[in-house]
Each structure stands twice: as structure tokens, then as C-alpha cells.
Amino acid sequence: MSVLVYAENTGGQFKKSVYELISYGKAIADLLKTNLSVVSIGNVSDVDLAALGKYGATKVLNCGNEKFKDFNSQAFASIISNAATTENADVVLISNSFAGKGLAPRVAIKLKASFASGAIELPEIGESFIVKTGAYSGKAFAHIELKSDVKVISLNPNSYKVIETGGTAEVVKVESYTGDEHFKCVVKEIVRATDKISLPDAELVVSGGRGLKGPENWGMIEEMANLLGAATACSKPVSDADWRPHSEHVGQTGIAISPNLYLAVGISGAIQHLAGVSSSKCIVVINKDAEAPFFKAADYGIVGDAFEVVPKLIEALKKFKAAHN
Amino acid sequence: MRTLKKNKRGKITMKILVCISHVPDTTTKISFIENNSKFNAAGVQFIINPYDEIALARALELIEGTEGTVTVINVGDISTEPTIRKALAIGATDAIRVNAAPRDGYFVATQIAAIAKEMNFDFILAGRESIDYNGGQVPAMIAELLGIPSVSIAKKLTIEGTTATIDREIEGGKEIVSIPFPFVAGASEGMAEPKIPNMRGIMSARTKPLVVKEAVAVDLLQEIKSYDTPKPRGQVKLISPDNAGELIELLHSEAKVI
Ligand SMILES: Cc1cc2nc3c(=O)[nH]c(=O)nc-3n(C[C@H](O)[C@H](O)[C@H](O)COP(=O)(O)OP(=O)(O)OC[C@H]3O[C@@H](n4cnc5c(N)ncnc54)[C@H](O)[C@@H]3O)c2cc1C
Ligand SMILES: Nc1ncnc2c1ncn2[C@@H]1O[C@H](COP(=O)(O)O)[C@@H](O)[C@H]1O
Numbered sequence: 001m002s003v004l005v006y007a008e009n010t011g012g013q014f015k016k017s018v019y020e021l022i023s024y025g026k027a028i029a030d031l032l033k034t035n036l037s038v039v040s041i042g043n044v045s046d047v048d049l050a051a052l053g054k055y056g057a058t059k060v061l062n063c064g065n066e067k068f069k070d071f072n073s074q075a076f077a078s079i080i081s082n083a084a085t086t087e088n089a090d091v092v093l094i095s096n097s098f099a100g101k102g103l104a105p106r107v108a109i110k111l112k113a114s115f116a117s118g119a120i121e122l123p124e125i126g127e128s129f130i131v132k133t134g135a136y137s138g139k140a141f142a143h144i145e146l147k148s149d150v151k152v153i154s155l156n157p158n159s160y161k162v163i164e165t166g167g168t169a170e171v172v173k174v175e176s177y178t179g180d181e182h183f184k185c186v187v188k189e190i191v192r193a194t195d196k197i198s199l200p201d202a203e204l205v206v207s208g209g210r211g212l213k214g215p216e217n218w219g220m221i222e223e224m225a226n227l228l229g230a231a232t233a234c235s236k237p238v239s240d241a242d243w244r245p246h247s248e249h250v251g252q253t254g255i256a257i258s259p260n261l262y263l264a265v266g267i268s269g270a271i272q273h274l275a276g277v278s279s280s281k282c283i284v285v286i287n288k289d290a291e292a293p294f295f296k297a298a299d300y301g302i303v304g305d306a307f308e309v310v311p312k313l314i315e316a317l318k319k320f321k322a323a324h325n
Numbered sequence: 326m327r328t329l330k331k332n333k334r335g336k337i338t339m340k341i342l343v344c345i346s347h348v349p350d351t352t353t354k355i356s357f358i359e360n361n362s363k364f365n366a367a368g369v370q371f372i373i374n375p376y377d378e379i380a381l382a383r384a385l386e387l388i389e390g391t392e393g394t395v396t397v398i399n400v401g402d403i404s405t406e407p408t409i410r411k412a413l414a415i416g417a418t419d420a421i422r423v424n425a426a427p428r429d430g431y432f433v434a435t436q437i438a439a440i441a442k443e444m445n446f447d448f449i450l451a452g453r454e455s456i457d458y459n460g461g462q463v464p465a466m467i468a469e470l471l472g473i474p475s476v477s478i479a480k481k482l483t484i485e486g487t488t489a490t491i492d493r494e495i496e497g498g499k500e501i502v503s504i505p506f507p508f509v510a511g512a513s514e515g516m517a518e519p520k521i522p523n524m525r526g527i528m529s530a531r532t533k534p535l536v537v538k539e540a541v542a543v544d545l546l547q548e549i550k551s552y553d554t555p556k557p558r559g560q561v562k563l564i565s566p567d568n569a570g571e572l573i574e575l576l577h578s579e580a581k582v583i
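Residue numbers (my numbering), protein chains in the order written: chain A, 1 to 325; chain B, 326 to 583.
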């Protein structure tokens, strides 16, 4: 019996969501009175791998073959399920990242495991094993009982705190065979804006809607995001009009996020928009219309013109930063 | 590798399967019955899952002007037939309904994989996730059951010969992959604009084939025990626009998010 975590890397680096996932795995391992192993695929340094012990991993299986430099859902799923079998894992944890969304369902099939995707807190473990996930686009939560011996769970980013418990992990090299039939899908090119904070992982998000009138007015949104160290997002009509890239569109048909802070400027708060942001911990709304539905879903609000309010916030932020540095 | 899929007369004959799920309309107020264990469908308007509409639209674009076909498949009881007819009205060639309540992702994927095995589609399109369970499980599960490649969140899809080029969504960007037939892709925003049925489509949908198949047996691995709804947020705290800067202090000292 053990808990196995797949630690996803981006170009050899781990992101915060990996530490969240390992901390989550450690908490589950403690509840089950068992230990926690991690599997890593691709080129991550031994130092970074051993450091995963800080979050509770006792053993790290390193499948560091050049062949696995690029993400490949078939090959990776096969490596992870092999690791689950050799480690005798009964709980396998994968981050609900874009890669994780392609991997976790495959791992579940390979292991004939039950599968809860998008968990948002620790499972309830007693007579039964129950995982809480979002459902109906942020309008509800589902409590899913996983009944099979082996269970696969994917965890939403920003849903669990990183907890350092100390220690280093033993790093074990593994050669995992995956056949050529797994390499039919070939990565041609990766286009990534490296200077930007990735929206799904962001702790703070500043978002703009049609109330901003045009793409030329996004300068103040970006300035505020930069000052905060926040990612930028937008409503659907804004990306439909090509004012902002589609990757920034949040909501029902865009991506769903749960940052600590979601600051919405000139967004009405339509139900489809709320579907993507309502699980944010703190919501701030700036809208000139006091009747905008978003105020009903907000913690803080300013009824006012964005073109007057945002510059004031930028000033205040600059002062705040100067005072807190 | 085959190049173009053409028939004897030189016409392209791509065969595409599109998975559609039947979900509550996006603006529906959600409630539950039987001790919060079941979704209350009474009075709820159901629609084609928005991402599946995108998948369907892209499939129809790809066969336009060719002799290709688009088959839609739904796993659901008879109540989903209006949704399936709508997909036929939008332009699908024919439809399959697997007659069973969609218990969970594994159940649905097993049904669709069983049909796909029988019928030899060039590729399968689904939505990136259904807006009811938001599982995002079915496309990759179908692919794993069939032993074929997949892209779970596909923003763009083009076909040349028997190879697709797909933009896969990644954090902060995209990855462009090349993927041979057969494969599964989960359609996301940006792949196509949903199509609206026209009068001719609506008329012809009534007579297009809709085949009902019985479900294959699947082990029950999991079960939704109950639902609950988020706690409503407290009253919004309004800050005067004249003292907008006060917000920053509150976010620091009260909300503790900065
Ligand atoms: C199937 C479906 C799926 C959808 N999916 C999504 C989705 O994923 N995400 C999404 O966002 N939408 C989605 N929508 C669209 C959604 O219904 C709304 O139309 C959209 O969210 C509105 O965007 P908005 O708030 O930016 O624009 P508007 O509704 O035009 O609102 C603009 C707001 O800005 C305010 N404003 C104007 N000027 C100023 C100013 N100077 N200062 C301050 N405030 C100002 C106005 O009072 C207004 O509240 C979907 C719709 C459908 C039917
Ligand atoms: N009952 C169903 N019948 C047919 N296709 C489905 C069904 N449920 C889900 N799908 C497909 O799988 C995609 C992802 O759904 P899900 O895994 O439920 O989030 C959907 O967008 C559909 O394309």
C-alpha cells in the first residue's frame, strides 16, 4: 500500500502546483498510515528531485530519459501506471493541469481505477473514500465515493496549501519501457509566453471586460497586474473581439480558475463568466453600474468608472509596495 | 502511411464520430432532490454541451463539399433524443444513442469505445469537458480504451491527408502537435464557431437515421453520494470610488490576499 504522486515538470522545472500536490499526497498518506512516493518523467535535476522530500516524499522514481522530453499522454500514462504497480499504490495523484487532464483518465483506465477529477479538498476517508469536486460549472460540489481498490484523483491548482515537513527523498532511477506505438503524437512546436504568469496557476488575477471599451485600454490592467504580480484574464466577448488572446478567457467556455484574488474590471458578472471564477477566495468588482450582477458575487466592490478608479488603485499599490518592501 | 482518403471517384470520404452530451442550459438554476443525491431535472432546459457544439461545427467544416460523414453519438436515455435531433438539424449525417443513463466517465467512454471499435471512424471529436460534471474524462478514456493517441484540450484542428495538426492548450501558451488517424480530440473554445440549424436542417433532421444501441456491461467503480452548493458570499463591502486606494489596504489587512 502507498500513495503515488506524479510530479509534472515544465522544461525541467517544478511549479508550485507540484508542491501543493505532494503536500496533499502526504496528508492522504498520513490518513492511510502509509508512505508517499513520487514519479517524475523527463529531465529534472537530482537536487530538485531529492528536494521533494521537503514536502513529505520518501522516494522519487526518476524516469529521466531524453525520449520523454516532450509531453506524451500515452507514454506518460504508461510510465505512471507502471510506477503505481511497482509501488503497490492504491491512491495515485495527478495535478489537474492541462497535461494532467490528458493523463489522469488514461491512468485510471490502465489501473482499472475509480477516478475523481478536479478535487478541491482532502478526501473524507473512513468507512468509505469520498472526494469533493466541483460540478455544474461552479454552481455545485459533488461528493464522489471511490469504490475500487485503486483510486486516481486529480487535484485543482490552488486548492491545497504547500506544507513543508522537512527531509530529503531517496531518488531512484527507473527505466520504464514504453513501446513505439506510444509515440504517434509528435510535438512540432511549443509557443509559450515565458514572461507572463500562467493563468491557471496564478494566485492573483486581474481581469477586464467589455467595460474597458477597447484593447488600447489594457495598459492600466497590465500595469496593475504587474504591480501585484498577478496574471491577466478577460471575459469572453473581449477575447472573441480579439482584444485579448483566447488563453485569457475565463468562464464556462474558457478556463476555470480559483485564485486567492480575482479582481474584475468592467465585467458584468454573467452566470457563464461566474462559472469560471466563483471559486476564487476573494472577489473584487469594479463596475460603474451599481446594479451589475457581479456585485452579488463579490467580497469587495467599487461602484465607479474604471478609467478613474484603476489609476487610483495603481497609485495606492505603488505606495503600498514602497511601504512594504 | 495513406495519403488522402478518397473513394473511387476521387472524392474525400472522411468518417468522423462526434460525442455529444446532453446538459442543463448554462443559465439554469441548479437544485437537487432525494436528499441532495440527484440533480433535479424538473423544468430544466437541456442543450448540447457547448464544447460539443464546437466539435460538431468543426467536423462539419471538415467534411463540407466532400462525401465524408459525421456521426453523432450520445449515451443517454430517451429524454436526450431532442438534443440528438438538434445535432442532426445542425448538419450531422446520422446518430447513435446508447440507451443508458450516463453513470460516470468510465461508463460513457466504455460505451463509445465499444461502438467505435465496431465502426472504424477516422477520428473522434468530443468536447473538452461537459458542463455538468466538468469531468473532462471521456475523450482521453476513449482513446486509452482504443489504444490510440489523443489531445484532451484542442484549440485548433486541421487535417492534411490522414494526419491532423492540433493546437494543444498548455499553461501560458500552446503546443502544436501532429497526430495520425485514428485519434480522439476534445474540442475547446477557438476550434470553430458553433453552427445554428437552419429551416432545411430542422426539416431533414426528422428523417435522418437515429440508431438506438443497448449498453455493454460496465463495473461500477464510483458513485456520486451527494451534492451541495457553495456558501453564498457575505454582503459585498463597498468602497467609495473617491477612496479607491483603501481597497489595497483592505486586501492586505482584512482579506490577507496581498
Ligand atoms: C453558452 C455561453 C457560454 C458563455 N461563456 C462565457 C465565458 O466562458 N466567459 C464569459 O466571460 N462569458 C461567457 N458568455 C457570455 C456571457 O453571457 C456575457 O455575455 C459576458 O460574460 C459579458 O462580458 P462582459 O461582462 O465583459 O461584457 P458586458 O456584459 O457588456 O458588461 C460590461 C460591463 O462593464 C461595465 N462598464 C461599462 N463601462 C464601464 C466603465 N467605464 N467603468 C466600469 N465599468 C464599466 C458595464 O456596467 C457592464 O456591467 C457565454 C455565453 C453563452 C451563451
Ligand atoms: N453521455 C455522453 N454521451 C456522449 N458523449 C459524452 C457523454 N458524456 C460526455 N461525453 C463527451 O465527452 C466530453 C467530455 O465530457 P466529461 O468527461 O463528462 O467532462 C463531452 O464534451 C462529450 O463530448
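Where a beta carbon is used, it is the ideal one built from N, C-alpha and C, also for glycine.
Note that this is a predicted model, so its numbers are computed, not measured.
Identify every residue that forms a DSSP beta bridge with residue i.
i: Ile440 (chain B); result: Answer is none; Ile440 (chain B) lacks a bridge partner.
i: Gly229 (chain A); result: Gly229 (chain A) pairs with nothing; no bridge assigned.
i: Tyr552 (chain B); result: A:Ala142
i: Phe115 (chain A); result: A:Val152
i: Ala264 (chain A); result: A:Ser207 and A:Val285
i: Ala465 (chain B); result: DSSP, once it has assigned bridges, lists no residue as partnering Ala465 (chain B).
i: Asn9 (chain A); result: A:Phe14
i: Asn62 (chain A); result: A:Ser40 and A:Lys173
i: Ile341 (chain B); result: B:Val395 and B:Phe448
i: Asp492 (chain B); result: B:Lys481 and B:Ile501
i: Thr133 (chain A); result: A:Ala119 and A:Ala142
i: Gln547 (chain B); result: A:Leu146
Using a 10 Å radius around the Cβ and a threshold of 16 neighbouring Cβ atoms, would you call residue i buried or exposed?
i: Met528 (chain B); result: exposed
i: His246 (chain A); result: buried
i: Met326 (chain B); result: In this prediction, Met326 (chain B) has a pLDDT of 35, which is less than 50 and means its spatial position is unreliable; what the coordinates show is noted afterwards. Exposed, by the Cβ-count rule.
i: Thr396 (chain B); result: buried
i: Thr328 (chain B); result: At Thr328 (chain B), the pLDDT of 45 sits below 50, so the modelled position is not reliable; the number obtained from the coordinates is stated separately. So Thr328 (chain B) counts as exposed.
i: Phe143 (chain A); result: One point to set straight first is that residue 143 (chain A) is His, not Phe, in the sequence displayed. It is buried - the Cβ of His143 (chain A) has at least 16 other Cβ atoms within 10 Å.
i: Asn568 (chain B); result: exposed
i: Ala322 (chain A); result: exposed
i: Asp377 (chain B); result: buried
i: Glu164 (chain A); result: exposed
i: Thr352 (chain B); result: exposed
i: Ile403 (chain B); result: exposed
List the residues of chain B that residue i touches, going by C-beta distances under 8 Å, in chain order.
i: Ala140 (chain A); result: Ile355, Phe357, Tyr552, Asp553, Thr554 and Pro555
i: Gly269 (chain A); result: Neighbours of Gly269 (chain A) on chain B: none; closest Cβ ~11 Å, over 8 Å.
i: Ser278 (chain A); result: Pro555
i: Glu222 (chain A); result: The contacting residues do not exist; Glu222 (chain A) stays about 15 Å from chain B at best.
i: Val309 (chain A); result: Pro566 and Ala569
i: Gly134 (chain A); result: Asn459
i: Glu315 (chain A); result: Gly570
Assuming residue i contacts residue j under a Cβ cut-off of 8 Å, what Cβ separation, rounded to an integer in Å, is found between them?
i: Ala50 (chain A); j: Val171 (chain A); result: 5 Å
i: His249 (chain A); j: Glu514 (chain B); result: 6 Å
i: Cys63 (chain A); j: Val39 (chain A); result: 7 Å
i: Met516 (chain B); j: Ile379 (chain B); result: 5 Å
i: Val5 (chain A); j: Leu36 (chain A); result: 7 Å
i: Ile440 (chain B); j: Val423 (chain B); result: 7 Å
i: Asp201 (chain A); j: Glu496 (chain B); result: 6 Å
Give the interface partners of residue i over in chain A, defined as CB-CB distance under 8 Å, in chain order.
i: Glu548 (chain B); result: Ile144, Glu145 and Lys147
i: Met466 (chain B); result: Pro105, Arg106, Ala108 and Ile109
At a CB-CB cut-off below 9 Å, which residues of chain A make contact with residue i?
i: Ser404 (chain B); result: Chain A residues near Ser404 (chain B): none, gap ~18 Å exceeds 9 Å.
i: Pro580 (chain B); result: It should be pointed out that residue 580 (chain B) corresponds to Ala in this sequence rather than to Pro. Ordered by position in chain A, the residues that pass the 9 Å Cβ test against Ala580 (chain B) are Asn260, Leu261, Lys281, Cys282, Val284, Asp299 and Tyr300.
Taking 7 Å as the cut-off, is the CB of residue i close to at least one heavy atom of ligand 3?
i: Asn399 (chain B); result: In the structure shown, ligand 3 is absent; the only ligands present are ligand 1 and ligand 2.
List the residues of chain B whose Cβ lies closer than 9 Å to the Cβ of residue i, in chain order.
i: Asn35 (chain A); result: Those within 9 Å of Asn35 (chain A) in chain B number zero; the least Cβ separation is about 25 Å.
i: Gln252 (chain A); result: Thr351, Pro375 and Ile456
Chain B partners of residue i, CB-CB under 7 Å?
i: Phe295 (chain A); result: Val561
Which residues in chain A have a C-beta closer than 7 Å to the C-beta of residue i? List them in chain order.
i: Lys594 (chain B); result: In this structure chain B extends from 326 to 583, so residue 594 (chain B) is not present and cannot be described.
i: Gln462 (chain B); result: Pro105, Phe115 and Ser117
message: Using 8 Å as the cut-off, can you tell me whether the segment 166-182 of chain A makes contact with the segment 482-497 of chain B, which would need three or more C-beta pairs spanning the two stretches below that distance?
response: Because the criterion of three Cβ pairs below 8 Å is not met, the segment 166-182 of chain A and the segment 482-497 of chain B do not touch.
field: contact_flag[the segment 202-220 of chain A, the segment 90-106 of chain A] where n(CB pairs < 8 Å) is 3 or more
entry: No contact exists between the segment 202-220 of chain A and the segment 90-106 of chain A.
task: Determine, using beta-carbon pairs with one atom in the segment 110-119 of chain A and one in the segment 153-162 of chain A, whether at least three such pairs fall under 8 Å.
output: Contact between the segment 110-119 of chain A and the segment 153-162 of chain A is present: three or more C-beta pairs spanning the two stretches fall below 8 Å.
query: So does the segment 363-380 of chain B actually touch the segment 307-324 of chain A, counting three or more Cβ pairs closer than 8 Å?
result: They do not touch, by the three-pair rule.
message: Pairs of beta-carbons, one from the segment 194-214 of chain A and one from the segment 257-273 of chain A, closer than 8 Å: are there three or more?
response: Because the criterion of three Cβ pairs below 8 Å is met, the segment 194-214 of chain A and the segment 257-273 of chain A touch.
message: Could you check whether the segment 279-295 of chain A touches the segment 191-199 of chain A, counting it as contact only if at least three pairs of C-beta atoms, one from each stretch, sit closer than 8 Å?
response: No, they do not touch.
- request: May I ask you to verify whether the segment 339-346 of chain B touches the segment 449-457 of chain B, counting CB pairs closer than 8 Å and requiring at least 3?
  value: Segment contact: the segment 339-346 of chain B against the segment 449-457 of chain B, three or more CB-CB distances shorter than 8 Å; contact assigned.
query: Given 8 Å as the limit, is there contact between the segment 555-572 of chain B and the segment 293-300 of chain A, that is, 3 or more CB pairs closer than that?
result: Yes, the segment 555-572 of chain B is in contact with the segment 293-300 of chain A.
task: Report yes or no: do three or more beta-carbon pairs, one from the segment 234-244 of chain A and one from the segment 528-548 of chain B, lie closer than 8 Å?
output: In short, these stretches do not touch, since the Cβ pair count stays below three.
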